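Numbering (the working numbering), first residue to last: 20 to 157.
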């Protein structure tokens, strides 16, 4: 999707996953949703959203390449297309958040905007988000 320039459908899917499939609503409410299992509190929506966001960040940071192309070729393609910047702009616009700084990787930026105190995501939900994120960011 990224190579084909289909950023809007990808960001729309990210938005849907982050909001638990609801097209509108509060991000914090969706990620803070709990589930009780075996006497413990779980945050499955936060973990799933983190996993999806981490996969996107991995591709945009050039970490996750699964198309058989050498990493250098893919990174050259990204630099030539300016896709990380375009993708970050599309994400920022859709979620109404700040753009990443030049020093931030996409992963650092996404973790900051989706789990910081301004996002109103609870600390336990943020930890589950980060757990899912780390699992797919490779």
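A virtual CB, placed ideally from N, CA and C, is assigned to each residue, including glycine.
Because the structure is a prediction, the values reported are computed rather than measured.
Contact set for residue i: own chain, Cβ-Cβ below 6 Å, skip 5 residues either direction
i           : result
residue 128 : 119
residue 89  : With a pLDDT of 47 at residue 89, under the threshold of 50, the predicted position of this residue should be treated as unreliable, though the coordinate-derived value follows. Counting only Cβ-Cβ distances below 6 Å, and skipping sequence neighbours, we find nothing.
residue 39  : 49 and 64
Cα-Cα separation between residue i and residue j, rounded to whole angstroms
i           : j           : result
residue 28  : residue 112 : 13 Å
residue 30  : residue 109 : 7 Å
residue 100 : residue 44  : Confidence at residue 100 is low in this model, with a pLDDT of 48, below 50, so its placement is unreliable and the value that follows should be read with caution. Each residue's alpha carbon lies about 33 Å from the other.
residue 41  : residue 132 : 20 Å
residue 57  : residue 148 : 20 Å
residue 155 : residue 117 : 23 Å
residue 157 : residue 121 : 21 Å
residue 62  : residue 51  : 7 Å
Residue closest to residue i, alpha-carbon to alpha-carbon, out of the options
i           : options               : result
residue 32  : 72, 51 and 62         : 72
residue 66  : 156, 150, 157 and 155 : 150
residue 49  : 59, 55 and 36         : 36
residue 135 : 106, 108 and 46       : 46
residue 137 : 115, 154 and 123      : 115
residue 146 : 69, 75, 74 and 117    : 69
residue 140 : 64, 75 and 106        : 64
residue 77  : 126, 39, 41 and 132   : 126
residue 34  : 75, 154, 62 and 57    : 75
residue 123 : 79, 153 and 58        : 79
For residue i, the first and last residue of its enclosing alpha helix (DSSP H)
i           : result
residue 140 : That residue, residue 140, is in no alpha helix (DSSP H); it is neither H nor E in DSSP.
residue 125 : 125 to 134
residue 26  : 26 to 37
residue 118 : From DSSP, residue 118 is part of no alpha helix (DSSP H); its letter is neither H nor E.
residue 122 : That residue, residue 122, is in no alpha helix (DSSP H); it is neither H nor E in DSSP.
Where the beta strand (DSSP E) containing residue i begins and where it ends
i          : result
residue 60 : 59 to 61
residue 55 : 54 to 56
Neighbourhood of residue i by C-beta, 8 Å cutoff - its chain only, sequence neighbours within 5 removed
i           : result
residue 60  : 53, 54 and 143
residue 152 : 69, 70, 72, 73, 76, 126, 129 and 130
Sequence-distant residues of the same chain with beta carbon closer than 7 Å to residue i, five excluded per side
i          : result
residue 26 : 105, 106 and 109
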